[in-house]
Structures are given as structure tokens and as C-alpha cells.
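When you line the sequence shown up against this note's numbering, it's residues 82 to 179, in that order. Beta carbons are placed, not taken as given, at the ideal position from N, Cα and C, and that holds for glycine. Since the model is a prediction, treat every value here as computed from it, not as a measurement.
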Amino acid sequence: MDGPDEIIHQSMRLKITATLNALPGGEQLEFNTLKAVLNATDGNMATHLAALEKAGYIAVQKDFVGKKPRTRVSLTRTGRKAFERHVAYLKDLLEGGG
82 MDGPDEIIHQ
92 SMRLKITATL
102 NALPGGEQLE
112 FNTLKAVLNA
122 TDGNMATHLA
132 ALEKAGYIAV
142 QKDFVGKKPR
152 TRVSLTRTGR
162 KAFERHVAYL
172 KDLLEGGG
């Protein structure tokens with residue numbers, strides 16, 4: 082990899098993708114749980130999730146539980162590959178290759 086993934090490189094997006102990457106493939110995490118794990122605000126999360134979704138790195142599913150809206154997020158295959166490439170880039174940097 083020539084450089085960092087410009088989408089993932091931003092600190093909060095890196096945290097989001099790392100958290101979702103820790104889940105088994107295709108498993109979803111609820112928005113509020115992800116927000117709490119990362120100690121983020123609603124607006125901050127929404128902005129970064131929108132950027133990741135636009136890049137095709139995450140899938141966002143919205144539905145209702147009873148009458149309450151629920152938003153769940155998962156890392157796509159594209160997102161998982163991008164995260165793995167970004168981590169490989171960072172490891173290479175640490176090992177003096179970058």
C-alpha cells in the first residue's frame with residue numbers, strides 16, 4: 082500500500098472500523114452501543130458513519146423494534162479489506178518500511 086486509506090485514516094473512523102472488524106463477518110452493532118463504546122456524540126457518529134457508508138465500507142440497516150427506531154451497522158467485505166490494508170500500512174510504518 083502506498084499510503085493510508087484516507088477514509089479510514091481519520092481517528093474516529095479508524096475506531097469505528099476497528100470495532101466493527103472485531104465482530105464476526107456480517108454481524109451488526111447497534112448505533113447506540115457503538116456510540117457508547119467509542120464515547121462519541123450522535124452527530125459525530127452520524128457524520129463518520131455517513132462517510133464510511135458512502136465509501137461502501139459499512140452497511141447501515143434501519144428498522145423498528147415496536148415503535149422505536151433502531152439503527153444497526155456492520156462492516157462490509159470492502160470495508161474489512163480496506164481496514165486490513167490500512168492496518169498493514171500502519172504495521173509497515175512501525176517496522177520502518179514507510
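Reference residue i; option with closest CA among the options
| i | options | result |
| --- | --- | --- |
| Thr181 | Ala169, Pro150 and Gly160 | One cannot answer for residue 181 here, as it falls past the ends of the chain, which runs 82 to 179. |
| Asn102 | His167, Leu174 and Glu176 | His167 |
| Gln142 | Gly107, Gln91 and Glu87 | Gly107 |
| Glu87 | Ala132, Thr152 and Ala121 | Ala132 |
| Asn125 | Ile97, Ala163 and Phe164 | Ile97 |
| Arg153 | Leu110, His129, Glu176 and Met93 | Leu110 |
Residue j beta carbon less than 8 Å from that of residue i
| i | j | result |
| --- | --- | --- |
| Pro85 | Tyr138 | no |
Cβ shell of residue i (< 6 Å), same chain only, five flanking positions each side left out
| i | result |
| --- | --- |
| Ala140 | Ser155 and Thr157 |
| Leu119 | Lys96 |
| Asp144 | Arg151 |
| Phe112 | Thr152 |
Residue i in three-state terms, based on DSSP
| i | result |
| --- | --- |
| Glu111 | strand |
| Ile88 | coil |
| Asp173 | helix |
Cβ-based neighbour list, residue i, same chain, cut-off 7 Å, excluding 5 preceding and 5 following
| i | result |
| --- | --- |
| Glu134 | Val141 |
| Ala121 | Met93 |
| Gly177 | none |
Cutoff 8 Å; reference residue i; Cβ partners in own chain excluding five residues on either side
| i | result |
| --- | --- |
| His90 | His167 |
| Leu104 | Leu110, Ser155 and Leu156 |
| Ala163 | Asp86, Ile88, Ile89, Thr98, Ala136 and Tyr138 |
**Report entry** Contained beta strand (DSSP E) runs [length at least 3] in the segment 101 to 169, N- to C-terminal order
**Finding:** 139 to 146 and 149 to 156
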